[in-house]
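In this note's numbering, the protein residues as written are 4 to 491.
Below is one structure; the comments refer to it alone.
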């Protein structure tokens, strides 16, 4: 069925507490989507951010991000007083992760103390149902706090290698801190589940983004070292990235540890099954980041400064997906089939029967054709003008040479570039793709100052926020009109 949606990170919502949250601003955004006749809301990973403030580098692939817990809802639930949060309000247009780091832990500690006075009936059942990831997460965060936030490879050897007597002693002496982290997850998923129910009741489906890799500094690696390609000291042998290409002469050195798929296969990929089962409950659809890595993944020797000296290694392919489809029959997946693609990757996409992705900004080759050009779209795919990793439409167009700009105008059949962003969106809405997802920044016509992420460049990513005034009735009518015209 033809449909459309909007890509907007939770962090970008206009909450008064420095970052978007799961409270009123999220419910208001669902109302905005409904009024605009949209059917999907795509978000970025909803985890705790880590290195470079990236949601793709988290201390846990399962845990919800504590920065997204809504403070006003904690006041409503009686875990905070209004006076507790008054000093945390700020009128900012970008996320200040440093300030959040200083403030959020402290205010949640206050809420935790009040929470402990009268534990909800379902609290312990939540802990029991999620113990396959929650135990490692809460313990990891507590030890990490104890060692001044150091990564586990910097911990004393006994902690690093999880020596049983040392860990048990730590648990006995730090149970309150461990329970605090359990509390954060109970609250996060309580708020999230209510939000999802509201979205679904409003006929809005949630699309989540699942990174293919996990961070080295994570409870996922520390708690399951055999599942990763590490040496006896838990140091990665090789790390993840992508090779040099048109966009980067030295490639991208992501640095994530690689999976030990041979070990994973021994128990029928249970770690992956648990991960996907978890997020199939959290989201209605899951976008599988870096899908080509399941067919073959790029490996870079640990310690290398660039991604130039790497090699391709075969991935799990259909062995993994056959197990996924066997155990998770109703799961809805979208394949992010971008990057260096081979016939083997295309074959894996055909075998899985998953919808792939197209990026319209990649479709304008003056001297040849492109699969990303809208005239080549097929029904069974998800089309984007650009994603969070790309320029905004305006930023992309402004950076083109004159020859390509003229080609774009000819393609869109417009005499000038005064309405180029709107014409771009109308063209992708008119395409054959079943689903079109547009960044909120593009509906607003913003330039690259509103870009969400520039891969491989640190310093100014993941910070953009929308102003409440921008989510206007005029914008609703504008989006609603093109949605109705193109029967989405």
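Here a beta-carbon is modelled for each residue, glycine too, at the ideal position from N, C-alpha and C.
On a Cα-Cα basis, can you pick out the residue from the options that is closest to residue i?
| i | options | result |
| --- | --- | --- |
| residue 289 | 165, 222, 212 and 318 | 212 |
| residue 341 | 333, 392, 321 and 135 | 392 |
| residue 471 | 456, 490, 457 and 443 | 443 |
| residue 334 | 234, 320, 283 and 259 | 283 |
| residue 477 | 192, 345, 38 and 455 | 38 |
| residue 186 | 256, 219 and 129 | 129 |
| residue 198 | 487, 31 and 165 | 31 |
Could you give the residue range of the alpha helix (DSSP H) that holds residue i?
| i | result |
| --- | --- |
| residue 315 | Counting along the chain, residue 315 falls outside any alpha helix (DSSP H), though it belongs to the beta strand (DSSP E) covering 314 to 317. |
| residue 184 | 178 to 204 |
| residue 283 | 273 to 285 |
| residue 439 | No alpha helix (DSSP H) holds residue 439; the beta strand (DSSP E) holding it covers 438 to 442. |
| residue 349 | 346 to 355 |
| residue 466 | Segment: none, residue 466 is in no alpha helix (DSSP H) and carries neither H nor E. |
| residue 300 | Segment 299 to 304 is the beta strand (DSSP E) holding residue 300; no alpha helix (DSSP H) there. |
Roughly how many angstroms lie between the CA atoms of residue i and residue j, to the nearest whole one?
| i | j | result |
| --- | --- | --- |
| residue 118 | residue 150 | 26 Å |
| residue 503 | residue 380 | No answer is possible for residue 503: the residues shown for the chain start at 4 and end at 491. |
| residue 329 | residue 61 | 29 Å |
| residue 204 | residue 483 | 19 Å |
| residue 115 | residue 175 | 19 Å |
| residue 261 | residue 268 | 15 Å |
| residue 63 | residue 136 | 9 Å |
| residue 12 | residue 456 | 12 Å |
| residue 234 | residue 305 | 11 Å |
| residue 320 | residue 297 | 5 Å |
| residue 423 | residue 415 | 8 Å |
| residue 124 | residue 189 | 12 Å |
| residue 182 | residue 103 | 21 Å |
| residue 126 | residue 206 | 29 Å |
| residue 270 | residue 323 | 11 Å |
| residue 169 | residue 161 | 7 Å |
| residue 131 | residue 142 | 15 Å |
| residue 122 | residue 227 | 31 Å |
| residue 100 | residue 214 | 21 Å |
Using C-beta distances below 6 Å, list every residue in its chain close to residue i, excluding the 5 sequence neighbours before and after it, in chain order.
| i | result |
| --- | --- |
| residue 18 | 24 and 28 |
| residue 299 | 315, 317 and 318 |
| residue 438 | 6 and 385 |
| residue 155 | 163 and 225 |
I believe residue i touches residue j by the beta-carbon criterion, under 8 Å. Please report the beta-carbon distance rounded to the nearest angstrom.
| i | j | result |
| --- | --- | --- |
| residue 496 | residue 74 | Absent from the model: residue 496. The displayed extent of the chain is 4 to 491, so no value can be given. |
| residue 386 | residue 434 | 6 Å |
| residue 98 | residue 26 | In fact, because the Cβ distance is near 16 Å, the residues do not count as touching under 8 Å. |
| residue 390 | residue 362 | 7 Å |
| residue 420 | residue 450 | With a Cβ gap of about 13 Å, residue 420 and residue 450 do not count as contacting. |
| residue 251 | residue 459 | 6 Å |
Which two residues bound the contiguous beta strand (DSSP E) that contains residue i?
| i | result |
| --- | --- |
| residue 213 | 208 to 213 |
| residue 359 | 359 to 362 |
| residue 157 | Taken as a continuous stretch (DSSP letters only), residue 157 belongs to no beta strand (DSSP E), as it is neither H nor E. |
Can you give me the Cβ contacts of residue i inside the same chain, cut-off strictly under 7 Å, excluding the 5 residues immediately before and after it?
| i | result |
| --- | --- |
| residue 359 | 338, 340, 352 and 384 |
| residue 366 | 373, 375, 376 and 377 |
| residue 1 | Residue 1 is absent from the model: the chain starts at 4 and stops at 491. |
| residue 461 | 55 |
| residue 344 | 295 |
| residue 85 | 78 |
| residue 113 | 83 and 87 |
| residue 263 | 229, 230, 231 and 232 |
By Cβ distance below 8 Å, which residues in the same chain neighbour residue i in space, the five residues on each side in sequence not counted?
| i | result |
| --- | --- |
| residue 49 | 13, 58, 67, 68, 71, 195, 211 and 285 |
| residue 81 | 117 |
| residue 311 | 246, 247, 253 and 254 |
| residue 428 | 388, 396, 441, 445, 446 and 485 |
So is the beta-carbon of residue i under 7 Å away from any non-hydrogen atom of the ligand SAM?
| i | result |
| --- | --- |
| residue 226 | With respect to the ligand SAM, the structure offers nothing, as it holds no ligand at all. |
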